[in-house]
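Note sheet for the following structure.
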């Protein structure tokens, strides 16, 4: 499955780039377990941020971001098979969940609920 990882990115950061980078790192922490479980992880910002830069945007607070950030996730959800909703307040992630449910896609709230989940032991590990 292609699984969209949804959770806080910009929410609660006051548009501080360091805090947004930390939030993105938290989202990315779920990528390896999803991949290890036999799926392909996807994070909307992986696609939206390069598009935003290509459009001349300087960051998620740039006015052009409104035309790119949420619409990217919505377009991605046309191709995703499920959503993993990580904890934390996030308007965008809540919107992703709403769209997924409207489309009949499963929404998981814990990595352990992802089909084929493999616990951290036994996979390629950290150094």
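Residue numbers (the numbering used here): 27 to 153. Idealized CB from N, CA, C, for every residue including glycine.
(message) Please classify residue 98 as buried or exposed, where buried requires at least 16 neighbouring CB atoms within 10 angstroms.
(response) On the chain shown, residue 98 is found 72 positions in, with the first residue counted as 1. Answer is buried; the Cβ neighbour count reaches 16.
(message) Quick check on the burial criterion: 16 or more other C-beta atoms within 10 angstroms. Buried or exposed for residue 89?
(response) Your numbering for residue 89 matches position 63 in the chain shown. Answer is exposed; the Cβ neighbour count stays below 16.
(request) Below 8 Å on the Cβ atoms is my guess for residue 96 versus residue 118; work out the distance and round it to an integer in Å. (result) Counting from 1 along the chain shown, the entry for residue 96 is found at position 70. Counting from 1 along the chain shown, the entry for residue 118 is found at position 92. That pair is a contact at about 6 Å.
(request) Could you tell me the distance, in whole angstroms, from the CA atom of residue 52 to the CA atom of residue 35? (result) For the purposes of this step, residue 52 is identified with residue 26 of the chain shown, where counting begins at 1. For the purposes of this step, residue 35 is identified with residue 9 of the chain shown, where counting begins at 1. The straight-line gap from Cα to Cα measures roughly 9 Å.
(request) Can you have a look at residue 71 and say buried or exposed, based on whether 16 or more other CB atoms are within 10 angstroms of its CB? (result) The sequence position of residue 71 within the chain shown is 45, counting from 1. The residue in question, residue 71, is buried, as its Cβ has 16 or more Cβ neighbours within 10 Å.
(request) Answer yes or no: do residue 10 and residue 104 have a C-beta to C-beta separation smaller than 7 Å? (result) Given a span of 27 to 153 for the chain in the structure shown, any question on residue 10 remains unanswerable.
(message) To test your reading of the DSSP string, which unbroken alpha helix (DSSP H) runs of 4 or more residues are found completely within the stretch 66 to 121?
(response) 70 to 80 and 95 to 103
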